[in-house]
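What follows is a single structure, written as structure tokens, with notes after it.
Protein chains: 2
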Amino acid sequence: MQTVSEENYIKTIHHLQKGEVLVSTNEIADKMNTKASSVTEMLKRLAGKNLADYIPYKGTKLTQTGVDCANKIIRKHRLWEVFLVEKLNFTWDEVHEIAEQLEHVQSTKLIDELDKHLGFPRIDPHGDPIPDKAGNYQEVTQIQLSKLKKGDRGKITGVIDTSKEFLKYLDKHNVGLGSAVEIMDREEFDQSFIIKTELKALHISQHIANNLYLKTTI
Amino acid sequence: MQTVSEENYIKTIHHLQKGEVLVSTNEIADKMNTKASSVTEMLKRLAGKNLADYIPYKGTKLTQTGVDCANKIIRKHRLWEVFLVEKLNFTWDEVHEIAEQLEHVQSTKLIDELDKHLGFPRIDPHGDPIPDKAGNYQEVTQIQLSKLKKGDRGKITGVIDTSKEFLKYLDKHNVGLGSAVEIMDREEFDQSFIIKTELKALHISQHIANNLYLKTTI
DNA sequence: AATATTTTTTAGTCTTACCTAATACTATAT
DNA sequence: ATATAGTATTAGGTAAGACTAAAAAATATT
Ligand SMILES: [Mn+2]
Ligand SMILES: [Mn+2]
Ligand SMILES: [Mn+2]
Ligand SMILES: [Mn+2]
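Residue numbers (the numbering used here), protein chains in the order written: chain A, 579 to 796; chain B, 579 to 796.
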């Protein structure tokens with residue numbers, strides 16, 4: 579059994595892990611708004627519990643047990659987010675903080691019954707896939723808006739940044755999951771885009787383009 | 579804002595408080611399966627935060643702020659219990675432990691929306707009243723079965739002990755909230771009772787009679 | 001009133017999880 | 001090859017929340 583703090587570290591390491599490259603101490607510290615020395619300590623603890631492999635001065639990587647644990651937490655987090663939006667009238671920008679707390683509640687039956695109650699959803703309110711009971715999920719084939727060229731079209735399938743500010747910005751411009759968009763122009767000098775949404779043309783910065791996932795349509 | 583541990587102490591003190599009498603350190607320690615020395619320390623902390631009045635060697639009592647806090651936690655605990663039974667197919671003996679965790683999730687909107695989602699229930703699966711948004715609730719006029727005399731009748735409205743073991747015992751004999759019972763006989767030498775339930779006659783110990791609440795019918 | 005028992009507090013440790021400051025290691029640039 | 005910058009670890013603290021053992025206060029008993 580892991581503490582809440584251990585679970586939060588595991589989740590962060592999992593999110594930072596790309597392929598086989600080790601995750602660095604500073605990356606974790608930055609993401610968690612904590613200090614590198616605190617991270618070092620926790621990495622030793624996680625390694626001691628066989629949840630992570632930790633090579634001093636090199637970095638860390640979750641073990642299989644660690645990955646399984648991360649998937650369980652992510653499953654809980656995302657199912658609770660669906661619950662909040664579908665059953666309790668929350669908007670997609672309000673659910674993250676509460677799910678951060680609910681994801682640590684321990685009960686397998688609770689989460690499996692919740693899954694059933696929600697009709698076994700496969701994506702959360704931000705377009706992220708929900709692992710099933712066994713920890714499996716299909717990676718959605720989506721692409722960052724910033725990778726597209728003039729004339730490309732698609733539907734928004736997810737967001738990377740799930741902060742209140744970003745989601746409220748999207749709401750303000752009537753852009754959300756499922757919105758159809760077309761790349762009208764791309765400013766090379768600042769990597770910004772002009773996109774056509776259902777209602778209007780919208781000028782979006784590189785930062786925003788990086789945080790939107792689309793599935794392209796031909 | 580209180581820590582989870584502080585909240586658990588507040589809830590315990592509230593449950594032990596009868597009238598104006600101070601709650602003793604040992605009572606709290608017993609109820610929480612902790613040591614008296616740990617309780618003393620926490621009482622100082624709670625007093626420092628103005629959640630309890632603490633008189634060394636005499637005992638403690640929640641302040642009004644403490645009582646309000648207790649009612650909020652109890653409201654959350656009981657609403658989650660209703661949710662688990664009504665929406666997620668849990669039985670009344672399974673919900674307590676999970677509600678012990680869920681009661682600490684912080685979000686006023688969450689709990690008010692949950693209340694609405696459940697149709698503003700006034701009692702939880704064990705017959706205990708649920709405080710409303712303002713912290714008010716009607717005390718149910720109920721009496722312990724052990725206080726009744728031969729010939730009295732009533733309906734079960736609540737249980738005091740909410741342990742798995744006790745609730746499963748009741749289930750086994752088809753006794754639950756709303757069950758009609760009649761006192762057939764009372765053994766003075768061991769304070770046990772023979773009661774008539776919907777299905778059969780049942781011999782119950784003093785301990786069980788103490789843990790059942792009834793509303794009598796004429 | 002004096003003694004014994006029970007209750008409660010204090011003193012001293014431990015673990016988790018954080019911090020700052022100092023040190024050590026790695027990578028880069030001269 | 002050495003100095004330097006950047007990254008990571010160690011050393012030493014703090015606070016919450018638990019514990020055991022010892023001391024003190026409140027009750028109960030003779
Ligand atoms: Mn979290
Ligand atoms: Mn999400
Ligand atoms: Mn609790
Ligand atoms: Mn209950």
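Using N, Cα and C, we set each Cβ at its ideal position, and we do this for glycine too.
For P709 of chain A and I761 of chain A, the gap between their C-alpha atoms comes out near 32 Å.
Using a Cβ distance threshold of 8 Å, A787 of chain B and F771 of chain B count as a contacting pair. Per DSSP, the unbroken alpha helix (DSSP H) holding G626 of chain B starts and ends at 614 to 626.
DSSP places I786 of chain A in the helix class (H, G or I) of the three-state scheme. Judged by their CB atoms, K774 of chain A and Q720 of chain A are not nearer to each other than the 8 Å cut-off. Excluding sequence positions up to five before and after V582 of chain B, its CB lies within less than 8 Å of the CB of H682, all in the same chain and listed in chain order. Straight across, the Cα-Cα distance linking S615 of chain B with E691 of chain A is about 40 Å. Against I676 of chain A, the close residues of chain B are V683, Q684, S685, K687, L688, in the order they occur along the chain (beta-carbon pairs closer than 9 Å). As for any beta strand (DSSP E) of minimum length 3 sitting wholly inside the segment 661 to 742 of chain B, the runs are 731 to 737, ordered along the chain. Annotation for E598 of chain A indicates a beta carbon at 7 Å or more from all heavy atoms of ligand 2.
Sixteen is the threshold: when 16 or more other Cβ atoms of the shown chains lie within 10 Å of the Cβ of L657 of chain B, as they do, the residue is buried. Listed by position along chain A, the residues whose Cβ is nearer than 7 Å to that of Q679 of chain B are V683, Q684. DSSP places M610 of chain B in the helix class (H, G or I) of the three-state scheme. Contact annotation: in the segment 694 to 716 of chain A, residues whose CB is within less than 7 Å of a CB in chain B are H695. In the DSSP assignment, K778 of chain B falls outside any alpha helix (DSSP H), carrying neither H nor E.
The Cβ atoms of Q784 of chain B and S741 of chain B lie no closer than 8 Å to each other. A straight-line Cα-Cα distance of about 22 Å links T686 of chain A and Q684 of chain B. When only Cα atoms are considered, W670 of chain A and E743 of chain A end up about 11 Å apart. When secondary structure is reduced to three states using DSSP, G637 of chain A falls in the strand class. Under a criterion of Cβ atoms nearer than 8 Å, the residues of chain B adjacent to L692 of chain A are, in order, L666.
Judged by beta-carbon spacing, V660 of chain A lies beyond the 8 Å limit of H592 of chain A, meaning their Cβ atoms are not closer than that value. Relative to the non-hydrogen atoms of ligand 4, the Cβ of R656 of chain A never comes closer than 7 Å to any of them. Taking 7 Å as the cut-off, the C-beta of E659 of chain A counts as close to a heavy atom of ligand 2. For K793 of chain B, DSSP records a beta bridge to B:K733. For E584 of chain B, the enclosing alpha helix (DSSP H) covers residues 582 to 594. Excluding five sequence positions before and after G756 of chain A, the CB atoms of its chain that fall closer than 7 Å to its own CB belong to K733, I734, given in chain order.
Excluding the 5 residues flanking it on each side, H751 of chain B has same chain C-beta neighbours closer than 6 Å at L780, in chain order.
Here the distance from the Cβ of T740 of chain B to the nearest heavy atom of ligand 4 is below 7 Å.
Annotated as proximal: N649 of chain B and G713 of chain B, with beta-carbon spacing under 8 Å. The DSSP-derived three-state label of V645 of chain B is helix.
In the three-state reduction of the DSSP assignment, D749 of chain B falls in the helix class. Residue environment for V599 of chain A: exposed (fewer than 16 other C-beta atoms within 10 angstroms of its C-beta). In this structure, C647 of chain B places its C-beta atom within 8 Å of the C-beta atom of L629 of chain B.
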